[in-house]
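Number of protein chains: 2
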Amino acid sequence: MSTLKSSKQRDAVLANLQSRYDHPTAEDIFLAVREVIPSISLATVYRNLKLLESEGLILKIPTGESDRFDGHTQGHYHLTCINCRGVIDLDIDPGVTLNALPRDFDGTVTSHSLMFYGICPDCKKTN
Amino acid sequence: MSTLKSSKQRDAVLANLQSRYDHPTAEDIFLAVREVIPSISLATVYRNLKLLESEGLILKIPTGESDRFDGHTQGHYHLTCINCRGVIDLDIDPGVTLNALPRDFDGTVTSHSLMFYGICPDCKKTN
DNA sequence: CACAATAATGATAATGATTATCATTATTAA
DNA sequence: TTAATAATGATAATCATTATCATTATTGTG
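Here the protein sequences line up with chains A and B, keeping their order. Heads up, the first sequence is in our numbering, so the first residue is 134 and it goes up one at a time. Heads up, the second sequence is in our numbering, so the first residue is 134 and it goes up one at a time.
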């Protein structure tokens, strides 16, 4: 197993993700980090997103379109707006759902992810 | 707006999806339906999956890899096995999570999807 | 400090999943 | 039965993501 070496690109990707509360795609992150490190490559962004996710430092949110990423790993839930396709945080207790797991389930559950679909406050206001 | 015309390909895709309880990819469905309609094209499978989903007859499950599909639309939850990458049904009351929605949320929620991650019974037995 | 080992990078080619195109075929309503 | 048009199969195109590879940066050691 190879040992991690630090890189300013990886630091910048993580810092960007931790500084924002939307849920950007790899492309979004690429564009943002490029303001700070103009030479950064999209491949490096993808590489580091994968690495950071496997380290447990960020979350990947599959959406059916481009994956989105979240720099805040404490349990919380999301809403996907079916109008603007954006993903926002919701303020709900993350515990409730796990309590509902049936006792007789033969597998092992290690985590869960809850996605709500609907209209986000911004889109609701605008329409 | 164009009016739907029936096709045996679309019927076969829907029938296949409704007859099974795994959560196949478009490719899986293509291979299965080809046993019945050897001339069917993968493009036709994708086309009809999209159409059936927009009609609300099937569910698309984003996974971060290939999308998976579900022919049973009554509310229920899934477990993604982090070992075999399969998706199985879980037997939990779908109501609990919606009750947890905060009252002061300014948007509108129309549906939700809960994905558990862990080891499925088959993989747990085998290892 | 100098250096060797190797992880990380940027550029870009390759892949895999999904969608678009287009000529042909099938379904439908009149 | 026919005209209108939705659906198909074949395949090209697109989009997101990953792999490759030569070069650069980081790190531990003498």
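Each residue gets a CB set at the ideal place from its N, CA and C atoms; glycine is no exception.
{"Query": "DSSP-derived helix/strand/coil call for Val242(B)", "Result": "strand"}
{"Query": "Buried or exposed by the 16-neighbour rule on C-beta atoms within 10 Å, applied to Arg218(B)", "Result": "exposed"}
{"Query": "Boundaries (first-last residue) of the alpha helix (DSSP H) holding Arg180(A)", "Result": "175-187"}
{"Query": "Burial state of Gly240(A), where buried means 16 or more other Cβ atoms lie within 10 Å", "Result": "buried"}
{"Query": "Distance between beta carbons of Val178(A) and Val220(A), contact taken as under 8 Å", "Result": "With a Cβ gap of about 18 Å, Val220(A) and Val178(A) do not count as contacting."}
{"Query": "Cut-off 8 Å between Cβ atoms - residues of its own chain near Thr158(B), not counting five sequence neighbours on either side", "Result": "Ser199, Asp200, Arg201, Phe202"}
{"Query": "8 Å Cβ shell around Ile173(A) - same chain, five flanking residues per side excluded", "Result": "Gln142, Ala145, Phe163, Val166, Arg167"}
{"Query": "Interfacial residues, the segment 144-170 of chain B to chain A, with Cβ spacing under 7 Å", "Result": "none"}
{"Query": "Collapsed DSSP secondary structure at Met164(A) in the structure displayed", "Result": "The displayed chain sequence assigns Leu, not Met, to residue 164(A). DSSP places Leu164(A) in helix when its eight states are reduced to three."}
{"Query": "Contacts that Cys253(B) makes with chain A (C-beta to C-beta distance below 8 Å)", "Result": "Gly240"}
{"Query": "Cα-Cα separation, Gly251(B) to Ser246(A)", "Result": "12 Å"}
{"Query": "Length of the line joining the Cα atoms of Thr196(B) and Pro254(A)", "Result": "26 Å"}
{"Query": "Close Cβ partners of Gly189(B) (< 8 Å) along its chain, the five nearest in sequence each way excluded", "Result": "Thr206"}
{"Query": "Cys217(B), DSSP secondary structure in three states", "Result": "coil"}
{"Query": "Where the alpha helix (DSSP H) containing Leu147(B) begins and where it ends", "Result": "141-152"}
{"Query": "Test item: CB-CB of Val169(A) and Phe249(B) under 8 Å", "Result": "no"}
{"Query": "Where Ser139(B) meets chain A, residues with beta-carbon distance less than 7 Å", "Result": "Per Cβ cutoff of 7 Å: no residues; Ser139(B) is ~27 Å from chain A at best."}
{"Query": "Proximity test, Cβ basis, 8 Å: Phe202(B) and chain A", "Result": "no"}
{"Query": "Cβ of Leu247(B) within 8 Å of any chain A Cβ", "Result": "yes"}
{"Query": "Chain B within 8 Å of Leu212(A), Cβ atoms only", "Result": "yes"}
{"Query": "Sub-8 Å separation of Asp222(A) and His211(A) beta-carbons", "Result": "yes"}
{"Query": "Own chain, CB closer than 7 Å to Cys256(B), minus 5 neighbours either side, in chain order", "Result": "Cys214, Asn216, Cys217"}
{"Query": "Residue range of the alpha helix (DSSP H) that includes Lys258(B)", "Result": "254-259"}
{"Query": "Through-space distance from Ile194(B) to Ser139(B), alpha-carbon basis", "Result": "25 Å"}
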